[in-house]
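Protein sequence lines, in the order shown, are assigned to chains A and B.
For the first sequence, my numbering assigns the number 5 to the initial residue and increments by one for each residue that follows.
For the second sequence, my numbering assigns the number 3 to the initial residue and increments by one for each residue that follows.
What follows is a short report on a single structure.
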Amino acid sequence: MKILVLMSLVVCLPMLVLAQSNSSKSRKLFPYDYTIDDLPNGLRLVTVPTDYPNLVALYIVVQAGSRNEVEAGKTGFAHFFEHIMFRGSENYTADQREAIFKRAGAETNANTSDDRTVYHATFSKDDLDEIMKMEADRFQRLKYALPEFQTESLAVKGEYDKNSANPFRQLFERLRETAFKKHTYSHTTMGFIKDIEAMPTQYEYSLEFFRRFYRPEYTTVVLVGDVTRAHALDLTRKYLGEWKRGNYVANIPAEPAQTGPLTSHIDWPSPTLPIVAIAFRGPAYSDVAKDKMALDLLAQVAFGQNSELYQKLVLKEQKVDTLGTSFSDQVDPELFTVIARIKDPKDVDYVRQQILATYKRYTTELIPQAKLDATRSRLRYGFAMTMDSSAAIATTLAQFIALRRTPETIDKLASVMDAITAEDVRAMAKKYFRDESRTIVTLATKASEATDATEEGKQ
Amino acid sequence: MRRLIISLLFTFALLSPIAALAITPKPMTTKIQSTLLPNRSPLVTFRIIFMTGAASDPAGKEGVAALTSAMLSQGGTKTMTYEQIVEAMYPIATSFDSQIDKEMTVFTGTTHSDNLDKYYGLVNQMLLDPGFRTDDFTRLKTDAINFLKVSLRQSNDEELGKEVLYNVIYNGHAYGHHNIGTISSLEKLTLDDVRNFYKANYTQTNMVLGLAGGYPKELPDKVKADFAKLPAGQPAKGKYETPKLAPGMQVSIVKRETRATALSLGFPINVTRADKDWPALAVVASWFGQHRSSNSYLYQQLREARGLNYGDYAYIEYFPRGMFQFTPDPNQGRTSQIFQIWIRPVVPENGHFTLRAALYEYDKLVRDGMSKEAFEATREFLTKYNNILTQTQDAQLGYALDSLYYNIPDYVPYMRTQLAKLTLDDVNNAIRKHLKSDAMRIAIITKDAEGLRNAILNNKPSPITYNSPKPKAITDEDKVIENYKLTVKPDAVVIVPVEKLFE
């Protein structure tokens with residue numbers, strides 16, 4: 005449970021807020037006052053006082069995730085390591101940790117994704133001191149024995165197993181493996197099963213992993229809620245001020261340009277509806293360049309719920325029951341993926357052609373200005389409405405902290421969005437949606453297993 | 003939007019919108035109840051409940067309640083197509099979703115107050131002037147059938163196990179079919195069935211208006227006046243008996259091509275949030291298996307100590323979609339609930355051992371009850387944790403509406419008071435009174451169904467091996483568990499091919 009691997013299933017509905025009208029345009033996308041304090045050891049504290057009473061959300065963001073898994077055979081390790089962080093530290097056994105969190109009535113967990121690992125807890129402000137002290141201990145003085153390490157590896161395997169029933173999971177795993185050859189995005193955060201099965205033998209490596217990445221220069225403490233900067237800074241200095249800076253930098257291989265279209269197919273062992281994913285190599289997150297934001301807008305316009313394609317395939321022709329995009333904000337260039345689940349196997353080719361034609365269409369056609377404006381409005385309101393509690397604000401913020409270590413990036417991103425024109429969108433579509441950088445993965449029931457799922461209503 | 007797939011697979015979500023907020027301050031004679039939580043937030047949250055649901059599906063029309071709610075939330079109105087509704091909601095980034103359960107159907111959405119007039123106008127039309135178009139009907143009926151056939155049967159063994167358990171326990175009861183219906187019934191449903199269901203169930207008497215946030219003070223009366231257009235209606239049936247199950251353990255093994263083995267166990271209880279023993283049972287369930295929390299006792303025993311799986315939890319209320327969320331969705335009030343243990347998938351070789359371990363721990367709970375330390379720590383936990391459960395205005399509104407349904411005071415202060423009064427004796431008496439059952443029902447999803455059935459019936463030893471040394475306390479306990487005797491008659495272990503479920 006700690007450990008929700010954040011999979012980038014479908015669409016990362018990007019991130020922007022508040023309306024298009026002149027009055028609302030002046031509102032900040034991230035509307036809360038915040039402070040940033042940098043400690044000499046490289047640790048950063050971001051404090052966001054809110055009006056939500058009594059509770060505080062403590063989010064500790066480590067800028068290391070499955071992207072940092074550069075060595076062969078180590079896929080899934082960042083996520084596994086996140087589990088290990090719950091196994092005790094020098095001054096607190098795992099049981100003592102549980103008891104303290106329990107007494108605090110805390111909601112606590114952690115999650116790992118490509119670029120980050122986030123440890124979080126939400127609880128009464130009265131418990132902040134004790135919890136900061138305890139959290140600081142595990143980040144500096146993690147301590148676990150080999151048997152616990154080995155037992156935890158089984159829980160990770162259990163996580164893989166429970167996920168494995170879902171065909172979308174497998175599709176994303178194959179898509180990354182096919183599209184990336186060098187870069188570590190070639191594996192999911194969960195990792196390959198063969199590496200998960202080998203985790204019990206990696207105890208020494210886990211110590212090394214901790215030494216490399218669990219360092220102040222990789223870490224940002226985010227405190228949101230009923231808290232003051234002075235108190236937050238005081239506790240951070242007191243408990244994390246002595247944390248030693250490290251010097252490791254992962255050498256993450258750049259992905260070379262793709263030289264031709266790629267395809268792959270998964271034979272699914274039990275009845276399912278066929279799924280097709282069509283991806284192009286896209287850009288990384290940026291709060292300066294227009295590339296990523298332009299394509300975020302296009303994702304909505306071309307493939308979102310009120311796009312022409314959605315209305316055609318899902319509502320009018322009713323050939324598809326799920327249509328969405330996956331295009332997360334990532335440190336390194338990410339795939340722009342459209343995914344569709346098709347009701348009848350005979351329509352798979354048709355749906356693939358329709359999606360491809362839509363990609364192509366926007367390389368030459370301008371999106372209407374009204375649609376562009378409506379999409380900006382949607383992204384702004386959508387972003388604003390994600391932030392309805394201190395924990396929700398911290399959750400949203402953590403994603404950006406992992407990318408740029410400051411909430412300021414959110415408002416810079418909003419400026420980029422406001423500056424984008426229909427011509428920009430077309431230019432980016434043309435730049436990225438090229439046949440040679442395309443990957444298509446399909447999934448369907450193995451021929452011998454194809455029984456009732458696709459034989460709608462015939463029995 | 004990761005939520006897109008999730009919502010498509012597991013709920014029936016939707017979108018929509020239009021009308022104007024003309025203020026109509028005329029006196030009202032409405033039967034519509036309301037729960038109002040005004041505040042200064044820039045957001046306005048709607049939760050509009052109709053006291054109807056899958057338990058009101060007429061015999062042979064299973065699924066019509068769910069399909070009706072989907073037609074309202076994901077279909078067009080008299081004057082707008084669904085495409086137009088989506089288009090109208092697009093720039094304001096909102097939606098209007100429905101959630102169906104046995105006795106409640108809730109329509110929910112949040113809008114920025116900038117867009118309240120536009121949003122309410124849409125919501126109003128969607129609920130009061132549904133279009134009931136054939137193309138929407140065909141799409142949503144197919145979605146419902148594919149949900150059961152593909153998403154539930156074939157993509158999520160955990161949810162599947164839980165739903166099978168409910169179907170087994172409530173067999174022959176108004177709760178006895180999945181909320182989305184049955185495949186054979188859905189295939190036969192017509193648009194007239196939906197129209198008839200709407201007419202009979204979407205009434206003023208059945209409606210409860212929930213509003214929270216920074217809305218104008220005239221809004222509640224305006225909504226009530228508008229919804230007075232609905233027929234007055236008769237009160238819903240309101241009360242469903244808790245089933246009395248035949249004594250003895252019964253096991254349903256669902257045979258499916260899958261890597262792992264998922265288990266759910268449980269039996270009905272005579273306690274809901276309305277009963278005085280509920281806070282005591284809430285403490286027990288939290289201690290034994292707080293949802294997705296590592297402080298759960300079961301989690302500590304099965305996952306932390308033994309590494310059997312990803313997590314192990316216990317419940318006294320229905321909690322669907324738990325693999326996707328940490329807190330339950332409100333507004334699934336029921337007059338009958340079950341006690342449930344959820345064991346997340348284990349490797350098939352450990353299936354029999356894990357089943358025994360779960361039953362061993364359950365028997366121990368019933369025999370020994372809770373210790374004083376566990377009781378006090380859990381009481382403290384829940385007293386504070388309830389503030390976290392209700393940290394958004396949407397959750398506050400949802401809990402307030404549920405308190406109205408169960409006829410209890412405002413949930414958080416009520417629980418604080420009840421928990422403060424509670425004693426260890428109260429809790430252990432509640433365990434003896436409500437959690438002692440000789441009618442355990444078990445649902446298992448696995449590939450080698452025959453092998454597992456054979457092992458269970460013959461009480462074959464199920465020794466376990468680990469990849470690391472274990473403390474003696476664990477290995478000693480394992481010796482008991484691996485031979486733990488399950489008394490179950492041969493005809494009480496049935497194998498069900500997955501293709502036969504929800505037919």
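Don't be surprised by glycine CBs; every beta carbon is placed ideally from N, CA and C.
Outcome for residue i when other beta-carbon atoms lying within 10 angstroms are tallied against a minimum of 16
i        : result
A/Glu369 : exposed
B/Thr26  : Since pLDDT at B/Thr26 reaches only 40, below the 50 mark, its modelled position is unreliable, and no value is offered.
A/Met19  : Any answer about A/Met19 is weak, because its pLDDT of 30 lies below 50 and its placement is not dependable; what the coordinates show is given next. Buried, by the Cβ-count rule.
B/Lys491 : exposed
A/Glu1   : Examination of residue 1 of chain A is not possible in this model, given that chain A is present from 5 through 463 alone.
B/Asn208 : buried
A/Glu201 : exposed
B/Gly250 : exposed
A/Phe150 : For clarity, residue 150 of chain A is Leu in the given sequence; the question names Phe instead. The residue in question, A/Leu150, is exposed, as its Cβ has fewer than 16 Cβ neighbours within 10 Å.
A/Ser27  : Note that A/Ser27 scores 41 on pLDDT, short of 50, meaning its location in the model is unreliable; the coordinates nonetheless yield the value given after this. So A/Ser27 ends up on the exposed side.
B/Glu505 : exposed
B/Ala316 : buried
B/Lys487 : exposed
B/Ser373 : exposed
B/Gln236 : exposed
B/Asn169 : buried
B/Asn485 : exposed
Identified DSSP bridge partners for residue i
i        : result
A/Trp272 : A/Thr449
B/Met209 : B/Phe52
A/His187 : For A/His187, which the question treats as bridged, DSSP gives no partner whatsoever.
B/His114 : B/Leu45
A/Trp247 : DSSP, once it has assigned bridges, lists no residue as partnering A/Trp247.
B/Lys257 : B/Thr448 and B/Pro499
B/Thr329 : According to DSSP, which records beta bridges pairwise, B/Thr329 is partnered with nothing at all.
B/Arg443 : B/Gln252 and B/Gly268
A/Tyr56  : Beta-bridge pairing links A/Tyr56 to no other residue.
B/Ile458 : In DSSP, B/Ile458 forms no bridge with anything.
B/Phe341 : B/Phe269
Span of the alpha helix (DSSP H) around residue i
i        : result
B/His354 : Gly353 to Asp370
A/Arg365 : Val352 to Thr368
B/Arg418 : Tyr413 to Lys423
B/Arg141 : Thr136 to Asn148
B/Tyr486 : Premise fails: B/Tyr486 is in no alpha helix (DSSP H) and is neither H nor E.
Residue range of the beta strand (DSSP E) that includes residue i
i        : result
A/Val225 : Thr223 to Gly229
B/Pro2   : Outside the shown range of chain B (3 to 505) lies residue 2 of chain B, about which nothing can therefore be said.
A/Phe284 : Ile279 to Arg285
B/Asp99  : Asp99 to Ile102
B/Val349 : Where B/Val349 is concerned, there is no enclosing beta strand (DSSP E), given that its DSSP letter is neither H nor E.
A/Phe213 : Premise fails: A/Phe213 lies in the alpha helix (DSSP H), Tyr207 to Phe217, not in any beta strand (DSSP E).
A/Leu146 : Counting along the chain, A/Leu146 falls outside any beta strand (DSSP E), and DSSP gives it neither H nor E.
B/Ala307 : Careful: B/Ala307 lies outside any beta strand (DSSP E) and carries neither H nor E.
B/Gln334 : Counting along the chain, B/Gln334 falls outside any beta strand (DSSP E), and DSSP gives it neither H nor E.
A/Val324 : Val324 to Ser330
Are the stretch 77 to 93 of chain B and the stretch 147 to 165 of chain B in contact at 8 Å, needing three or more beta carbon pairs? no
For the stretch 271 to 280 of chain A against the stretch 444 to 451 of chain A, do three or more pairs of beta-carbon atoms, one drawn from each stretch, fall closer than 8 Å, so that the two count as touching? yes
Using 8 Å as the Cβ pair cut-off and three pairs as the minimum, do the stretch 333 to 353 of chain B and the stretch 315 to 325 of chain B touch? yes
Between the stretch 345 to 365 of chain B and the stretch 249 to 267 of chain B, do at least 3 Cβ pairs fall closer than 8 Å? yes
Secondary structure, beta strand (DSSP E): runs of 3+ residues fully inside the stretch 84 to 124 of chain A: 111 to 116
Taking three-plus beta-carbon pairs below 8 Å as touching, is the stretch 234 to 248 of chain A in contact with the stretch 411 to 426 of chain A? no
Give a yes or no on contact between the stretch 94 to 111 of chain A and the stretch 373 to 386 of chain A, applying the rule of three or more CB pairs nearer than 8 Å. no
In chain order, each beta strand (DSSP E) run of at least 3 residues that lies wholly inside the stretch 178 to 251 of chain B: 209 to 215
Would you say the stretch 181 to 189 of chain A touches the stretch 257 to 277 of chain A, given that touching needs at least three Cβ pairs under 8 Å? yes
With a threshold of 8 Å, are at least 3 pairs of Cβ atoms found where one atom belongs to the stretch 378 to 391 of chain B and the other to the stretch 109 to 117 of chain A? yes
Validate contact between the stretch 342 to 362 of chain A and the stretch 317 to 329 of chain A using beta carbons, cut 8 Å, 3 pairs: yes
Any contact of the stretch 398 to 410 of chain B with the stretch 241 to 258 of chain B, i.e. 3+ C-beta pairs under 8 Å? no
I'd like the ranges of any alpha helix (DSSP H) spanning at least 4 consecutive residues and lying wholly in the stretch 64 to 89 of chain B. 66 to 75
Enumerated in chain order, which unbroken segments of the alpha helix (DSSP H) with a length of 4 residues or greater are wholly contained in the stretch 371 to 435 of chain A? 373 to 390, 394 to 408 and 412 to 423
Going residue by residue through the stretch 370 to 402 of chain B, where are the continuous alpha helix (DSSP H) segments of at least 4 residues, counting only ones entirely within it? 374 to 391
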